[in-house]
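Peer 1: Chains as they are written, first to last, in our numbering: chain V, 16 to 336; chain C, 7 to 343; chain R, 144 to 446. Glycine included, C-beta positions come from ideal geometry on N, C-alpha and C. Before we start, here is the structure in question, set down as structure tokens.
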């Protein structure tokens with residue numbers, strides 16, 4: 016459904032003393048999403064996970080690599096391809112409070128994609144919007160309300176209604192529940208799960224919340240500073256993480272239970288700035304399994320094992336022997 | 007329960023806000039104790055009153071619109087609601103300190119870390135007798151010491167850096183150093199790691215644990231994250247719509263949650279450590295505190311609600327140190343166990 | 144789909160369709176009504192507008208507008224007949240101050256209107272398009288902003304020749320840069336709003352984004368500025384009139400009246416005092432109104 020091949024998104028930020036400063040937000044990412052699957056993309060800030068979502072919808076310019084949606088090359092867009100892209104793929108943003116135009120009624124907001132892409136107008140349009148609201152569990156009395164009159168969970172439901180209005184096949188969800196309270200988060204997650212099953216949607220689910228990804232996604236990729244360090248079936252990856260970063264990430268999450276598992280000392284240091292990437296493996300400065308002379312010199316190779324992939328020198332040796 | 011005299015004791019505290027649409031009953035008769043050296047978590051969702059409670063202890067809520075309607079907040083036997091602004095200023099920083107969710111908001115972007123830290127240290131000196139006050143040079147040394155204490159790398163060099171040059175985790179460390187510079191006995195942490203990445207959050211939680219051990223600090227940790235509570239707190243208070251619904255030792259709360267809201271909350275969070283087939287949700291949404299429901303404020307969303315829930319629920323002890331405000335506390339506890 | 148249930152949705156009453164708007168307006172009205180100074184401003188502005196509308200029918204001596212001559216009653220102090228006294232040719236000052244509201248309102252509306260018509264589109268283009276277009280527009284704006292407005296206006300009138308039309312033209316020409324600044328800054332901020340990104344991800348064209356998503360969210364600050372600018376434009380026009388570059392005596396314009404009247408100070412104080420009070424009160428009224436509007440339109444002030 017969605018295929019990325021060595022996708023790169025670089026931003027020129029500014030010139031420091033005449034020198035160009037380039038942020039390599041996404042630096043060669045390859046991903047394949049099968050139709051109807053929920054794929055999780057996890058990582059911390061600066062990992063480039065949100066940028067991938069935006070690049071897939073051409074909301075940020077693609078610097079290099081290939082983008083394919085629904086089997087169609089979409090790296091460069093002409094008018095026709097753009098119209099098709101806007102119908103097949105939709106995005107749901109992190110903060111529902113700012114994802115709705117405060118000056119538009121819920122009716123107008125949800126109707127917007129329909130106005131742009133279909134000949135529906137007037138009463139038929141209103142009826143369609145009311146039906147969409149019903150799907151997301153909101154009554155028609157919301158039609159003429161403004162966003163500020165709705166709670167966070169209700170706004171996110173409105174955003175979901177708007178995103179599914181054109182019956183897209185691919186939904187990119189960028190941290191859709193992290194601005195919501197726990198009890199509302201579970202309502203939205205349950206709904207998203209049901210929606211995916213009912214409509215056969217493909218999800219690219221971007222999140223920093225590992226528990227949420229584990230709950231919703233069948234496969235998952237872990238990003239660190241613009242590259243994917245590990246990828247695999249969710250359960251396999253969570254129960255047997257291979258990359259030292261994935262291990263540290265999983266260990267860092269506190270469990271909501273009485274007795275905490277022994278997690279050793281936390282990962283030291285900060286996430287480096289994507290402007291100033293470390294040479295070799297991007298994780299080597301914080302890595303507990305750092306091999307001097309190897310990790311700080313050479314980029315680790317991708318080691319594939321069926322559906323799983325890990326990008327680490329530790330496994331390069333294993334693959335060789 | 008006879009332990010040491012509590013360091014902080016909140017008793018039947020009530021607070022309202024005057025708003026445009028009416029009186030917002032933010033806190034409605036809450037009470038809890040914090041023993042010296044203890045770490046207490048206050049958990050709840052947006053609008054439950056957990057941050058308002060913390061700010062009330064610090065005397066940081068502007069009045070109007072806030073209005074205290076009753077109760078006492080005793081710190082070491084002294085009622086903070088009646089001490090007056092002068093005394094409160096001496097208590098803030100020297101006795102009780104607070105750290106916040108977004109450190110950038112509390113650091114002045116135009117002054118270096120060192121300047122701000124030294125200023126805070128010197129400000130604390132005013133509460134001391136003249137002879138014991140530090141000079142600016144001494145304060146600077148002390149600042150380096152504090153930064154070392156919170157494990158900021160290269161503390162001498164970092165004194166000259168500005169807030170924007172530091173990462174989120176480092177800023178939070180600086181804020182903790184500032185909070186601790188007056189050697190307070192109580193640290194109130196309001197969602198200190200919510201804005202941070204997981205690996206950085208682990209570092210900061212580790213640091214808070216270490217400081218508790220080394221300095222004998224008492225901590226009130228305000229958070230919506232049950233995992234954070236589980237990993238750093240001894241005891242938890244669960245708040246819902248301005249009231250305390252449950253107060254229990256951490257282990258009890260997770261293993262034998264007694265209030266239907268607590269149980270709903272625990273069942274609603276996906277567990278990062280195990281696969282889950284489905285999540286149960288709490289239906290409905292938070293009540294409007296301009297016109298709170300009569301009786302138990304949770305009854306509209308509660309699976310166990312009955313007619314008696316329309317009257318205010320009694321607070322009962324279901325076990326040693328485990329109190330629940332619910333008509334069905336026993337039922338719920340049995341069902342949970 | 145069942146037609147019966149749909150009909151209810153298809154033909155909701157006006158009140159239902161605009162329930163949100165009505166609620167918002169009611170909230171605005173209530174917030175505004177609580178603000179004493181804003182209400183005072185509103186009262187002054189309403190009084191000013193009414194006076195402008197019905198002035199010619201309520202003044203006691205309509206013929207004094209064009210400069211009739213009654214030398215027998217010249218420079219009379221205020222009394223029951225001539226409330227504000229009379230001027231050096233015996234015209235009723237009250238009549239002339241009241242008739243002055245109409246021309247003042249005209250000036251204020253035209254100057255602010257033209258400034259908005261020039262400034263808003265330029266600001267929006269600059270903010271939305273960015274790049275060299277923005278650079279070009281903003282640098283020209285900066286040049287205009289770096290010269291004091293009134294000085295520039297004086298220069299323009301000096302070149303075009305004195306007169307009320309030229310004065311309005313000159314003021315309009317120096318007034319638009321403020322709107323460019325305001326709208327450009329707001330557009331830049333709105334351009335990065337998530338709902339704008341969302342609209343783009345749905346395939347909305349740039350035109351649609353500008354008119355549907357950006358412009359409606361700019362109206363509040365524009366309205367606030369326009370209200371304040373009405374007062375400032377009145378002051379500007381009066382200044383030009385006073386300098387002899389705007390309306391020419393005996394035309395009943397406040398600035399021009401004070402210009403003549405100042406030579407009769409201090410003995411015949413009423414001649415300049417009342418037009419001066421009129422200017423001050425009107426400008427104050429528009430400013431208070433603007434402040435009040437900002438309080439209700441800026442969401443940060445609510446909650």
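Find the residues of chain C that neighbour residue 168 of chain V, judging by a C-beta separation of less than 8 Å, and give them in chain order.
Peer 2: Indexing the first chain from 1 puts residue 168 of chain V at position 153. Residues of chain C passing the Cβ test: 291.
Peer 1: Rounded to whole angstroms, what is the Cα-Cα separation between residue 58 of chain V and residue 435 of chain R?
Peer 2: Position 43 of the first chain, counted from the start, is the residue given in the question as residue 58 of chain V. Position 292 of the third chain, counted from the start, is the residue given in the question as residue 435 of chain R. Residue 58 of chain V and residue 435 of chain R: Cα-Cα distance of roughly 47 Å.
Peer 1: Cβ of residue 338 of chain R less than 8 Å from any chain V Cβ?
Peer 2: Numbered from its first residue, the third chain carries residue 338 of chain R at position 195. So, interface residue.
Peer 1: Taking the beta strand (DSSP E) that residue 255 of chain C falls in, what are its first and last residues?
Peer 2: Indexing the second chain from 1 puts residue 255 of chain C at position 249. Here the beta strand (DSSP E) through residue 255 of chain C covers 249-255.
Peer 1: Please report the straight-line C-alpha distance between residue 157 of chain V and residue 55 of chain C, rounded to a whole angstrom.
Peer 2: Numbered from its first residue, the first chain carries residue 157 of chain V at position 142. Numbered from its first residue, the second chain carries residue 55 of chain C at position 49. Residue 157 of chain V and residue 55 of chain C: Cα-Cα distance of roughly 28 Å.
Peer 1: For residue 320 of chain R, count neighbouring C-beta atoms within 10 Å of its own C-beta (all shown protein chains included) and say buried if the count is 16 or more, exposed if not.
Peer 2: For the purposes of this step, residue 320 of chain R is identified with residue 177 of the third chain, where counting begins at 1. With 16 or more other Cβ atoms within 10 Å, it is buried.
Peer 1: In chain order, what residues of the same chain lie with their CB nearer than 7 Å to the CB of residue 352 of chain R, ignoring the 5 residues before and after it?
Peer 2: Indexing the third chain from 1 puts residue 352 of chain R at position 209. Closer than 7 Å at Cβ, skipping near neighbours: 339, 342 and 343.
Peer 1: Counting only C-beta atoms, is residue 239 of chain V closer than 8 Å to chain C at any point?
Peer 2: Taking the first chain and counting its residues from 1, one reaches residue 239 of chain V at position 224. With 8 Å as the cut-off, residue 239 of chain V does not count as an interface residue toward chain C.
Peer 1: Counting contacts by CB-CB distance shorter than 8 Å, is residue 159 of chain R in contact with chain V?
Peer 2: As a position in the third chain, residue 159 of chain R is number 16, starting the count at 1. By this cut-off, residue 159 of chain R is an interface position.
Peer 1: In three-state DSSP terms, what is residue 342 of chain C?
Peer 2: If you number the second chain from 1, residue 342 of chain C lands on position 336. Because residue 342 of chain C sits at a pLDDT of 46, beneath the cut-off of 50, its placement in the model cannot be relied upon, and the following sentence gives the value as read from the coordinates. Note: residue 342 of chain C maps to helix in three-state DSSP.
Peer 1: On the CB-based measure, 16 or more other CB atoms within 10 Å of its CB, does residue 439 of chain R come out buried or exposed?
Peer 2: The residue you call residue 439 of chain R lines up with position 296 of the third chain. By the neighbour-count rule (16 or more Cβ atoms within 10 Å), residue 439 of chain R is buried.
Peer 1: Quick check: the Cα distance between residue 75 of chain V and residue 44 of chain V, rounded to an integer number of angstroms?
Peer 2: Position 60 of the first chain, counted from the first residue, corresponds to residue 75 of chain V. Position 29 of the first chain, counted from the first residue, corresponds to residue 44 of chain V. Distance between the alpha carbons of residue 75 of chain V and residue 44 of chain V: 15 Å.
Peer 1: Mapping the DSSP letters down to three states, classify residue 45 of chain C as helix, strand or coil.
Peer 2: Taking the first residue of the second chain as 1, we reach residue 45 of chain C at position 39. Here residue 45 of chain C sits in strand by DSSP.
Peer 1: For residue 300 of chain V, name the three-state secondary structure that DSSP assigns.
Peer 2: Looking up residue 300 of chain V in the first chain gives position 285. Coil.
Peer 1: Could you give the distance in angstroms between the alpha-carbon of residue 230 of chain V and the alpha-carbon of residue 277 of chain V?
Peer 2: In the first chain, the residue the question calls residue 230 of chain V occupies position 215. In the first chain, the residue the question calls residue 277 of chain V occupies position 262. Approximately 23 Å between the Cα atoms of the pair.
Peer 1: Need the endpoints of the beta strand (DSSP E) that residue 22 of chain C sits in, please.
Peer 2: What you label residue 22 of chain C is simply residue 16 of the second chain in a count that begins at 1. Segment 14-25, the beta strand (DSSP E) holding residue 22 of chain C.
Peer 1: Does the beta carbon of residue 169 of chain R sit closer than 8 Å to a beta carbon anywhere in chain V?
Peer 2: Position 26 of the third chain holds residue 169 of chain R. So, not an interface residue.
Peer 1: Give the residues of chain R in contact with residue 105 of chain V, contact being defined as C-beta atoms less than 8 Å apart.
Peer 2: Start at 1 with the first residue of the first chain, and residue 105 of chain V comes out as number 90. Those within 8 Å of residue 105 of chain V in chain R are 344 and 345.
Peer 1: Residue 267 of chain R and residue 330 of chain R: beta carbons closer than 8 Å?
Peer 2: Locating residue 267 of chain R in the third chain gives position 124, counting from the first residue. Locating residue 330 of chain R in the third chain gives position 187, counting from the first residue. Yes, they are a contact pair.
Peer 1: For a minimum of 3 consecutive residues, which ranges assigned as the beta strand (DSSP E) are wholly contained in the segment 163-225 of chain V?
Peer 2: Within the segment 163-225 of chain V, the complete beta strand (DSSP E) runs of at least 3 residues are 185-189 and 217-222.
Peer 1: As a quick exercise: from R:296, R:362 and R:213, pick the residue whose alpha carbon is nearest that of residue 311 of chain R.
Peer 2: To locate residue 311 of chain R, count along the third chain from 1; it is residue 168. Cα-wise, what sits closest to residue 311 of chain R is R:296.
Peer 1: If you run the structure through DSSP and keep just helix, strand and coil, what is residue 148 of chain C?
Peer 2: Against the second chain, residue 148 of chain C aligns to sequence position 142. In this structure, residue 148 of chain C counts as helix in the three-state DSSP scheme.
Peer 1: Which runs of the alpha helix (DSSP H) spanning at least 4 residues fall entirely within the segment 91-160 of chain V, listed in chain order?
Peer 2: 94-103, 121-132 and 137-150
Peer 1: Let's see if you can read the secondary structure: which residues bound the beta strand (DSSP E) around residue 438 of chain R?
Peer 2: Reading the third chain from its first residue, position 295 is the one you call residue 438 of chain R. Element bounds for residue 438 of chain R: not the beta strand (DSSP E) but the alpha helix (DSSP H), 413-440.
Peer 1: Within the continuous alpha helix (DSSP H) that includes residue 260 of chain V, where are the two ends?
Peer 2: Taking the first chain and counting its residues from 1, the one referred to as residue 260 of chain V is at position 245. Per DSSP, residue 260 of chain V belongs to the alpha helix (DSSP H) from 259-267.
Peer 1: Specify, as a first and last residue, the run of the beta strand (DSSP E) that residue 344 of chain R falls within.
Peer 2: Residue numbering aside, residue 344 of chain R sits at position 201 when the third chain is read from its first letter. Following the DSSP letters along the chain, one finds residue 344 of chain R in no beta strand (DSSP E) but inside the alpha helix (DSSP H) bounded by residues 337-344.
Peer 1: Pick from V:284, V:115, V:293 and V:290: whose alpha carbon is nearest that of residue 174 of chain V?
Peer 2: Here residue 174 of chain V is taken as the residue at index 159 of the first chain, counted from 1. Residue 174 of chain V has its Cα closest to that of V:115, out of V:284, V:115, V:293 and V:290.
Peer 1: Return the chain-ordered list of same chain residues with a C-beta closer than 8 Å to the C-beta of residue 202 of chain C, the five sequence neighbours on each side being excluded.
Peer 2: In the second chain, the residue the question calls residue 202 of chain C occupies position 196. Around residue 202 of chain C: 174, 175, 178 and 210.
Peer 1: By DSSP's criteria, residue 239 of chain V is part of a beta bridge. Which residues make up the other side?
Peer 2: In the first chain, counting from the first residue as 1, residue 239 of chain V sits at position 224. Answer by DSSP bridge pairing, in chain order: V:242.
Peer 1: Thinking C-alpha only, which one of C:264, C:149 and C:89 is nearest residue 322 of chain C?
Peer 2: Start at 1 with the first residue of the second chain, and residue 322 of chain C comes out as number 316. For the residues C:264, C:149 and C:89, the minimum Cα distance to residue 322 of chain C belongs to C:264.
Peer 1: The alpha helix (DSSP H) spanning residue 224 of chain C covers which residue range?
Peer 2: On the second chain, position 218 is the one that residue 224 of chain C refers to. Note, residue 224 of chain C: premise wrong, no alpha helix (DSSP H); beta strand (DSSP E) at 224-229.
Peer 1: With a threshold of 8 Å on Cβ separation, who are the neighbours of residue 288 of chain R within its own chain once the five nearest residues in sequence on each side are excluded?
Peer 2: To locate residue 288 of chain R, count along the third chain from 1; it is residue 145. Closer than 8 Å at Cβ, skipping near neighbours: 320, 321 and 324.
Peer 1: Using CA coordinates, which residue listed in V:243, V:315 and V:153 is at the minimum distance from residue 64 of chain V?
Peer 2: Looking up residue 64 of chain V in the first chain gives position 49. Selected option, being the one with the closest Cα: V:243.
Peer 1: Using 8 Å for Cβ pairs, my map puts residue 431 of chain R next to residue 181 of chain R. What's the rounded Cβ distance?
Peer 2: Residue 431 of chain R sits at position 288 when you count from the first residue of the third chain. Residue 181 of chain R sits at position 38 when you count from the first residue of the third chain. Sure, about 6 Å apart at Cβ, within 8 Å.
Peer 1: Suppose you measure from the CA of residue 350 of chain R to the CA of residue 100 of chain V; what does that come to, to the nearest Å?
Peer 2: The residue given as residue 350 of chain R occupies position 207 in the third chain. The residue given as residue 100 of chain V occupies position 85 in the first chain. Their Cα atoms are separated by approximately 20 Å.
Peer 1: For residue 224 of chain V, which residues from the same chain have a beta carbon less than 7 Å from its beta carbon, with the 5 sequence-adjacent residues on both sides left out?
Peer 2: Your numbering for residue 224 of chain V matches position 209 in the first chain. These residues qualify, in order along the chain: 193.
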